[in-house]
Structures are given as C-alpha cells and as structure tokens.
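Read through the structure below, which is laid out as structure tokens, and then see the notes.
Numbering (the working numbering), first residue to last: 12 to 74.
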C-alpha cells in the first residue's frame with residue numbers, strides 16, 4: 012500500500028475503464044450512516060472497494 016505512482020496509475024485506470032477492465036462504479040459507493048452494516052458487508056464481500064458513509068443527510072455526492 013502507498014506505492015502507487017499517480018502519473019502512471021491514473022492514466023492506466025482510465026485506459027482500463029475504456030477497455031471495460033475497470034469499473035469506476037464499483038470503486039466507490041455512498042451509504043447513509045444508518046446503513047453502516049450494509050456498507051461494511053459490501054466492502055468485506057468485495058462488492059464495493061470503498062464504501063463512503065454520509066453522516067450529513069443534506070450532503071449530495073457529486074454536487
């Protein structure tokens with residue numbers, strides 16, 4: 012962990028995405044804080060790589 016080189020790895024991930032080999036949607040998913048157990052299970056199962064917990068109900072991801 013921590014050995015990534017962004018100048019190399021980010022373009023590589025973009026290329027993989029264009030080839031259908033990397034799914035950005037799977038990389039990150041937002042969960043309401045009340046769904047913390049669901050977020051944990053999604054992470055443990057590999058369904059989601061990075062679950063993000065939303066504590067502030069007024070927060071809208073991507074805005």
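Glycine included, each C-beta is placed from N, C-alpha and C at the ideal position.
In this text, all values refer to a predicted model and were calculated from it rather than measured experimentally.
Cα-Cα separation, residue i to residue j
| i | j | result |
| --- | --- | --- |
| residue 64 | residue 44 | 5 angstroms |
| residue 24 | residue 36 | 13 angstroms |
| residue 21 | residue 32 | 14 angstroms |
| residue 18 | residue 71 | 29 angstroms |
| residue 54 | residue 28 | 21 angstroms |
| residue 47 | residue 38 | 17 angstroms |
| residue 69 | residue 15 | 34 angstroms |
Residue range of the beta strand (DSSP E) that includes residue i
| i | result |
| --- | --- |
| residue 63 | 61 to 65 |
| residue 40 | 39 to 43 |
Extent of the continuous alpha helix (DSSP H) run through residue i
| i | result |
| --- | --- |
| residue 27 | 17 to 29 |
| residue 49 | 47 to 56 |
Cβ-heavy atom distance, residue i to the ligand ZN, below 7 angstroms
| i | result |
| --- | --- |
| residue 55 | This structure lacks the ligand ZN, and indeed carries no ligand of any kind. |
Residue i versus the options, residue with shortest Cα-Cα distance
| i | options | result |
| --- | --- | --- |
| residue 61 | 73, 41, 14 | 41 |
is_contact[residue i, chain C] using C-beta, thresh 8 angstroms
| i | result |
| --- | --- |
| residue 41 | Although the question refers to chain C, the structure presented lacks it and comprises just one protein chain. |
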